[in-house]
Structure formats: C-alpha cells, structure tokens
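Written below as structure tokens is the structure these notes are about.
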Amino acid sequence: MKTHSKLLYHSKRVFKTIIASIGLLLVTVSLYAQDGNAGINEASNLVRGYFATGTNLMYAIGAIVGLVGAIKVYQKWNSGDHDTGKVASAWFGSCVFLVIVATVLQSFFGI
Numbered sequence: 292m293k294t295h296s297k298l299l300y301h302s303k304r305v306f307k308t309i310i311a312s313i314g315l316l317l318v319t320v321s322l323y324a325q326d327g328n329a330g331i332n333e334a335s336n337l338v339r340g341y342f343a344t345g346t347n348l349m350y351a352i353g354a355i356v357g358l359v360g361a362i363k364v365y366q367k368w369n370s371g372d373h374d375t376g377k378v379a380s381a382w383f384g385s386c387v388f389l390v391i392v393a394t395v396l397q398s399f400f401g402i
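Residue numbers (our numbering): 292 to 402.
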C-alpha cells in the first residue's frame, strides 16, 4: 500500500511539473510574439538592406570573371586557336548577364 501511495504521489508531482512547464512555455512564447505585419516589414527591411551589398558583390564577381575571361581569350588568341571569337563572346556574355541581372532585379523590385 505504501508503494502505491508513493507512486501516486510521484505521478501527481510529475503531472504538475509538466503542466507548469507548458504554462511557462506559453507565457514565454506570448511575450516574444509580435504582430504579423511588423514581422514581415522587419524581414523586408533586412532583405532590402542586404540587396545593395549583394548587388555590389555581383559586380565584383562579374569583374573577376571578366578578367579571367580576358586572360583565357588572350591565351587562345596568342596560340592561334580558331574559336577565339566564340570563347570571347561567351565570357563577355557572362559578364553582361551578371550586370543586367543585378540592374533588372533592382529596378523590378524598386529597391
């Protein structure tokens, strides 16, 4: 009989602990909750802040790709390969694509 009462006491204690933990969790979540519109606006402002940096990064990558392409085209031209124009247009097209994509995204989204 004593083991049964100890087990009952222990299960009530565990149940009370679980209920208290759930209540504390709900209170904590409600304290950190914010309006849905405020959260969306904050995320939008953060993305807009990163977009200028991302655009500059794309321009820098385009410059590096352009330099590498110019070196490769120069090497092909000096070696006398016949497909130099094809390689040059491919590298130039890649650089132009990066610049156009950054500009179009910036104007399309009004950033």
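We put the CB at the ideal spot given by N, CA and C, even for glycine.
Check whether Gly345 and Val390 have beta carbons under 8 Å apart = Pairing Gly345 with Val390 gives a Cβ-Cβ distance that is not under 8 Å.
inquiry  = Just to confirm the assignment, what range does the alpha helix (DSSP H) spanning Gly384 have?
reply    = Run containing Gly384: 375-400, per the alpha helix (DSSP H) assignment.
ask   = Does the count of Cβ pairs from the stretch 356-366 and the stretch 378-386 closer than 8 Å reach three?
value = Yes: the two stretches touch, three or more of their Cβ pairs being nearer than 8 Å.
inquiry  = Please report the straight-line C-alpha distance between Phe399 and His373, rounded to a whole angstrom.
reply    = A direct Cα-Cα distance of roughly 40 Å separates Phe399 from His373.
message = Does Trp382 pass the burial test, meaning 16 or more other C-beta atoms within 10 Å, or should it be called exposed?
response = Looking at its Cβ environment, which holds 16 or more other Cβ atoms inside 10 Å, Trp382 is buried.
inquiry  = I'd like the list of long-range same chain contacts for Asn336, defined as Cβ closer than 7 Å, with 5 residues on each side in sequence excluded.
reply    = Closer than 7 Å at the Cβ level, and outside the excluded window around Asn336, lies no residue.
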